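Participant:
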Amino acid sequence: MSDFWVLAGKEIKNLMRDKKLIFGLIIVPLVIYPALGKMVQVGMEKAQGTTKVAIANFDTGEYGEILIKALKTAPNVSVTVLNASSLDEALREASLRNQNVLVVIPPNFTEAIESGKPATVEVYGIFRKVTSGIKESVSEARINAVIGVLSEEIAKIRIRQLGARNPDAVLHPISAVSRSVIKGRVVDVPPAVVSSVLASQSYGLPLIVFLMVTITAQMAAGAVAAEKENKTLETLLTLPVKRTTIVASKISGTAVMGLIAALAYMVGLKSYLGSIGLRTGVSLGELGLEITPPGLALFALVVFLTIAFSLSLAMLLAVFAEDVQSANTVVSSVILPLAFPAFLLMFTDLGELPTIARYGLLIDPFTHPIVAYRYALGGDYAALLWSIGYLSVVAGVTLYLTAKVFSSEKLLTARISWGKRRKGVE
148 MSDFWVLAGK EIKNLMRDKK LIFGLIIVPL VIYPALGKMV QVGMEKAQGT
198 TKVAIANFDT GEYGEILIKA LKTAPNVSVT VLNASSLDEA LREASLRNQN
248 VLVVIPPNFT EAIESGKPAT VEVYGIFRKV TSGIKESVSE ARINAVIGVL
298 SEEIAKIRIR QLGARNPDAV LHPISAVSRS VIKGRVVDVP PAVVSSVLAS
348 QSYGLPLIVF LMVTITAQMA AGAVAAEKEN KTLETLLTLP VKRTTIVASK
398 ISGTAVMGLI AALAYMVGLK SYLGSIGLRT GVSLGELGLE ITPPGLALFA
448 LVVFLTIAFS LSLAMLLAVF AEDVQSANTV VSSVILPLAF PAFLLMFTDL
498 GELPTIARYG LLIDPFTHPI VAYRYALGGD YAALLWSIGY LSVVAGVTLY
548 LTAKVFSSEK LLTARISWGK RRKGVE
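Sequence positions in the sequence shown follow this note's numbering and run 148 to 573.
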């Protein structure tokens with residue numbers, strides 16, 4: 148077995164022994180994220196439960212009774228008719244009965260409808276304590292939906308009385324059928340649904356890239372700083388092994404853990420996003436946006452090169468740290484500002500940005516996995532190859548500089564104090 152594989156295996160074993168690291172990399176994303184998603188899902192299901200509606204009917208005409216009957220036949224709605232003489236009394240009684248919504252039918256409700264005037268119904272969402280408000284929001288939406296249907300039916304009756312044969316044509320003289328054109332192909336899916344599908348990808352991927360980059364960088368820097376702090380690095384450098392082999396083995400070992408972490412976060416985040424309602428019922432395949440095997444291979448190469456750049460940069464920075472704590476500080480101060488701009492792509496497309504901002508983001512290596520995923524979905528292999536070429540140059544230069552530093556005595560003598568007072572210095 149070559150020296151490289153021996154050292155890489157040693158690096159992986161050392162990382163696997165760190166229980167805190169394993170907990171943060173694997174347990175947290177695979178357990179915490181799905182648990183959070185499940186809690187959100189349970190909350191949404193409870194909010195979608197039966198809506199308790201109290202009704203105060205101050206109208207003496209027939210349309211007030213018609214509205215009450217419509218609410219009683221509505222799904223997931225429980226109706227309680229209050230015997231109140233005023234609005235204040237109705238509000239108090241509705242609160243005491245733990246109702247979600249109070250619907251108030253005014254005295255002139257039937258009169259307004261029969262005279263051709265707009266009639267108003269008052270809807271009060273009852274908040275008994277400070278909550279998320281999801282239940283009250285859902286309840287209001289249900290009441291408004293019933294009122295909207297009833298309003299349209301009354302309008303149809305009035306239109307028929309005026310002699311129109313087709314009330315629907317009068318109420319809705321124009322209708323629209325929405326379709327989308329994706330990669331030159333017409334898809335029978337509304338643009339809003341397509342946007343929701345793409346948004347579910349845009350929200351998750353930048354976060355996964357950010358976590359993957361920061362975690363792997365902290366691992367690489369911590370490993371180098373720990374060996375430097377514990378004086379084991381000097382022993383390692385005395386072995387009859389090329390220093391470039393040592394650098395490559397450390398990067399490879401940490402990269403394996405980084406890929407495992409990225410996969411764990413991807414699985415956990417997908418479960419979480421699916422639980423909070425980003426499922427639209429339409430898959431990327433139905434939109435003609437499936438990633439082909441060549442596209443997947445190119446995208447994987449982009450991710451690998453991004454991790455290689457992140458790890459080599461972190462190891463280079465860790466050389467100048469005195470201990471693990473200062474290594475984490477110096478790496479965070481450099482890696483986080485580089486990775487943070489990727490979040491801009493959660494809310495906008497690269498092509499919509501001004502030219503300076505667009506090329507500024509493309510200079511940042513950490514934005515390339517996000518745009519490369521979109522290139523892979525769209526089958527833009529030329530853009531993927533451009534990203535691979537750029538990342539190869541950046542990662543290669545950073546790896547060369549890291550190997551250069553590891554081959555010199557700066558590996559043992561370089562220091563950044565970060566404000567600490569040296570011993571013996573006043």
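Cβ coordinates follow ideal geometry from the N, Cα and C atoms, glycine included.
Here the structure is a predicted model, which means the values were calculated and not measured.
Return the Cβ separation of L546 and S459 in integer angstroms, given the expectation that the two are a contact with Cβ distance under 8 Å.
Facilitator: As a working mapping, residue 546 is identified with position 399 in the sequence shown. As a working mapping, residue 459 is identified with position 312 in the sequence shown. Yes, they are in contact, since the Cβ atoms of L546 and S459 sit about 5 Å apart, within 8 Å.
Participant: Between which residues of its own chain and F456 is the CB-CB distance below 7 Å, once the five residues before and five after are set aside?
Facilitator: Here residue 456 refers to the residue found at position 309 of the sequence shown. Cβ neighbours of F456 beyond the five flanking positions: P512, L538, V541, A542, T545.
Participant: For the pair the region 512-523 and the region 484-503, tell me if three or more CB-CB distances fall below 8 Å.
Facilitator: Verdict: yes, contact present.
Participant: Hey, could you find the ends of the beta strand (DSSP E) I122 is sitting in?
Facilitator: There is simply no residue 122 to check, as the chain begins at 148 and stops at 573 in what is shown.
Participant: Let me know the secondary structure DSSP gives R521 once reduced to three states.
Facilitator: As a first step, residue 521 must be located in the sequence shown, where it is residue number 374. In this structure, R521 counts as helix in the three-state DSSP scheme.
Participant: For I252, which of helix, strand or coil comes out of DSSP?
Facilitator: On the sequence shown, position 105 is the one that residue 252 refers to. It is a strand residue.
Participant: So, is L309 buried or exposed, given that buried needs 16 or more other C-beta atoms within 10 angstroms?
Facilitator: Within the sequence shown, residue 309 is the residue found at index 162, counting from 1. By the neighbour-count rule (16 or more Cβ atoms within 10 Å), L309 is not buried but exposed.
Participant: Quick one: using the 10 Å Cβ neighbour count with 16 as the cut-off for buried, is K110 buried or exposed?
Facilitator: Missing from the structure shown is residue 110; the chain here goes from 148 to 573 and no further.
Participant: Out of K389, R312, S233, M366, point me to the one whose CA is closest to S555's CA.
Facilitator: Against the sequence shown, residue 555 aligns to sequence position 408. Per the Cα distances, K389.
Participant: For the region 363-380 against the region 490-500, are there 3 or more C-beta pairs whose distance is under 8 Å?
Facilitator: No, the region 363-380 is not in contact with the region 490-500.
Participant: Between T391, G432, R275, E299, which has its C-alpha nearest E240's C-alpha?
Facilitator: Numbered from 1 along the sequence shown, position 93 holds the residue referred to as residue 240. Checked all of T391, G432, R275, E299; the closest Cα to E240 is R275.
Participant: Are V579 and P516 close, meaning C-beta to C-beta below 7 Å?
Facilitator: In the structure displayed, the chain extends from 148 to 573; residue 579 sits before or after that span and is not available.
Participant: Assuming contact is defined by CB atoms lying nearer than 7 Å, are S286 and V248 in contact in what I supplied?
Facilitator: As a position in the sequence shown, residue 286 is number 139, starting the count at 1. As a position in the sequence shown, residue 248 is number 101, starting the count at 1. Taking 7 Å as the Cβ cut-off, S286 and V248 qualify as a contacting pair.
Participant: When the Cα of P244 is compared with those of L358, E300, V226, which residue comes out closest?
Facilitator: Taking the first residue of the sequence shown as 1, we reach residue 244 at position 97. Per the sequence presented here, residue 244 reads as Arg, with Pro not at that position. Measuring from the Cα of R244, the nearest candidate turns out to be V226.
Participant: Identify which residue in M462, P337, L354, D150 has its Cα closest to the Cα of A411.
Facilitator: Against the sequence shown, residue 411 aligns to sequence position 264. Of M462, P337, L354, D150, the residue nearest in Cα terms is L354.
Participant: Closer than 7 Å by C-beta to T267: which residues in its own chain qualify, once you throw out the five before and the five after it? Chain order, please.
Facilitator: Residue mapping note: residue 267 aligns to position 120 of the sequence shown, counting from 1. Same-chain partners within the cutoff: P253.
Participant: Output the distance between the C-alpha atoms of G211 and A203, rounded to the nearest integer angstrom.
Facilitator: To locate residue 211, count along the sequence shown from 1; it is residue 64. To locate residue 203, count along the sequence shown from 1; it is residue 56. One C-alpha to the other measures close to 10 Å.
Participant: Identify whether E437 lies in helix, strand or coil by the three-state DSSP scheme.
Facilitator: The residue given as residue 437 occupies position 290 in the sequence shown. Three-state DSSP puts E437 in coil, outside helix and strand.
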